[in-house]
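Visitor: Every position in the sequence shown, counted from 1, becomes a number in my numbering once 34 is added.
We treat Cβ as the ideally placed atom computed from N, Cα and C, and that holds for glycine.
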Amino acid sequence: MRTDRGRRRLYGAGWLISAGVTAVAFRMWHLHLREVEQRAEEAERTRDEVARRRAVEERLRIARELHDSLTHSISVIRVQAGVAAHLARKRGEDVPPALQAIAEASADAARELRATLSVLRNGDPDGGSGLGQLAGLVARAQAAGLTVEVTVTGTERRLPPDVDQAAYRIVQEALTNVSRHAGAACASVRLRYGWDTLTVQIDNNAPDAAGADDAGPAVEPEPASARGLGLIGMRERVTALGGRLDAGPCEQGGFRVRAELPARVPA
């Protein structure tokens with residue numbers, strides 16, 4: 035009997051010790067797992083901080099490059115255009131519309147460059163371009179000899195900033211391409227406000243490449259590496275917003291750019 039009782043006590047003590055060891059081992063394993071998770075989280079935070087710091091440094095580098103390479107050139111263009119306009123008025127002559135367009139375009143470029151530099155340096159998106167500046171853009175295009183007609187359908191409303199800017203840039207690039215490649219062509223800009231989309235369509239009656247030489251004054255050809263970058267940039271903007279862009283020649287002649295941008299009405 036004593037032997038059986040002793041064995042039972044021994045077994046009981048063994049189970050108790052085993053349970054204690056298991057509990058301690060589980061606790062140690064849990065603490066070790068938590069330590070590993072904390073190290074992983076710390077490593078992830080470190081990587082994020084390094085990535086953010088590198089992103090800030092890259093933005094500052096780009097801002098410096100833009101400032102050094104563009105600010106001076108734009109300022110020179112603006113000053114020279116202003117001097118030429120002043121001399122024309124001093125001689126009692128009318129200031130050519132193209133010269134006025136150059137002065138206004140350079141002033142607008144300087145404003146947009148400042149806004150871009152502000153975004154790069156401070157992450158502040160305020161002051162960017164949008165459809166609120168469309169009238170000025172059309173006026174400059176018309177002063178440069180391009181006939182532009184703007185049609186707006188649907189109920190105009192405030193758009194998300196990125197959609198607003200993308201729409202403006204699409205119109206700007208399309209009109210710039212018409213002026214650059216088609217001379218004194220006619221262009222139509224159509225904005226259609228839907229419930230959850232904004233459709234931007236720009237058509238022109240520019241002649242094909244075979245007749246483009248007679249469309250206006252000759253311009254210096256663009257480098258091969260720069261051709262088509264405007265269309266690529268438009269497509270990247272639209273795709274990044276989840277929209278769709280179609281661009282190409284029209285059956286009746288000319289060229290069409292059509293973008294559908296998501297612009298859901300806020301609830």
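Look at the alpha carbon of Leu295 and the alpha carbon of Leu275, and state the distance between them as a whole number of angstroms.
Guide: The residue labelled residue 295 in the question sits at position 261 within the sequence shown. The residue labelled residue 275 in the question sits at position 241 within the sequence shown. Going from the Cα of Leu295 to the Cα of Leu275 covers about 7 Å.
Visitor: So what's Val186 in DSSP terms, helix, strand or just coil?
Guide: By one-based count along the sequence shown, residue 186 stands at place 152. Three-state DSSP puts Val186 in a strand.
Visitor: Using a Cβ-Cβ cut-off of 8 Å (strictly less than) and excluding sequence neighbours within five positions of Val197, which residues of its own chain qualify?
Guide: Here residue 197 refers to the residue found at position 163 of the sequence shown. Within the same chain, Val197 has close Cβ partners Leu232, Leu275, Leu295, Pro296 and Ala297.
Visitor: Mind checking who Gly282 pairs with in its DSSP beta bridge?
Guide: Numbered from 1 along the sequence shown, position 248 holds the residue referred to as residue 282. Answer is Arg290, bridged to Gly282.
Visitor: Does DSSP put Ala258 in a helix, in a strand, or in coil?
Guide: The sequence position of residue 258 within the sequence shown is 224, counting from 1. With a pLDDT of 43 at Ala258, under the threshold of 50, the modelled position of this residue cannot be trusted, and the question is left open.
Visitor: Could you work out which residue in Glu270, Val272, Arg269 and Ile236 is closest to Val291 when comparing CA atoms only?
Guide: Residue mapping note: residue 291 aligns to position 257 of the sequence shown, counting from 1. When each option's Cα is compared against that of Val291, the closest is Ile236.
Visitor: Specify the secondary structure class of Pro195 as computed by DSSP and reduced to three states.
Guide: The residue you call residue 195 lines up with position 161 of the sequence shown. Pro195 falls in the helix class under three-state DSSP.
Visitor: Take Pro283 as the anchor and find which of Leu171, Asn239, Trp63 and Arg192 has the nearest alpha-carbon.
Guide: Here residue 283 corresponds to residue number 249 of the sequence shown, with the count starting at 1. The option with the nearest alpha carbon to Pro283 is Asn239.
Visitor: Once the 5 residues before and after Gly245 are set aside, which same chain residues still bring their CB inside 8 Å of it?
Guide: For this step, residue 245 is matched to residue 211 along the sequence shown. Because the pLDDT at Gly245 is just 36, under 50, the model does not fix this residue reliably, and the point stays unresolved.
Visitor: If you measure between the beta carbons of Leu147 and Val205, is that distance less than 8 Å?
Guide: If you number the sequence shown from 1, residue 147 lands on position 113. If you number the sequence shown from 1, residue 205 lands on position 171. Taking the C-beta atoms as reference points, Val205 is found no nearer than 8 Å to Leu147.
Visitor: Looking at the structure shown, is Arg123 part of a helix, part of a strand, or coil, going by DSSP?
Guide: As a working note, residue 123 is residue 89 in the sequence shown. Helix, per DSSP.
Visitor: What are the residues that DSSP puts in a beta bridge with Arg226?
Guide: Along the sequence shown, one-based indexing puts residue 226 at 192. Answer is Thr187 and Thr233, bridged to Arg226.
Visitor: Note down, in chain order, each residue of its chain lying with its Cβ closer than 7 Å to the Cβ of Ser211, except the 5 sequence neighbours on either side.
Guide: Mapped onto the sequence shown, residue 211 falls at position 177. In the sequence as presented, Ser is not what sits at residue 211; that position holds Asn. Once the five neighbours on either side are set aside, the close Cβ partners of Asn211 are Gly264.
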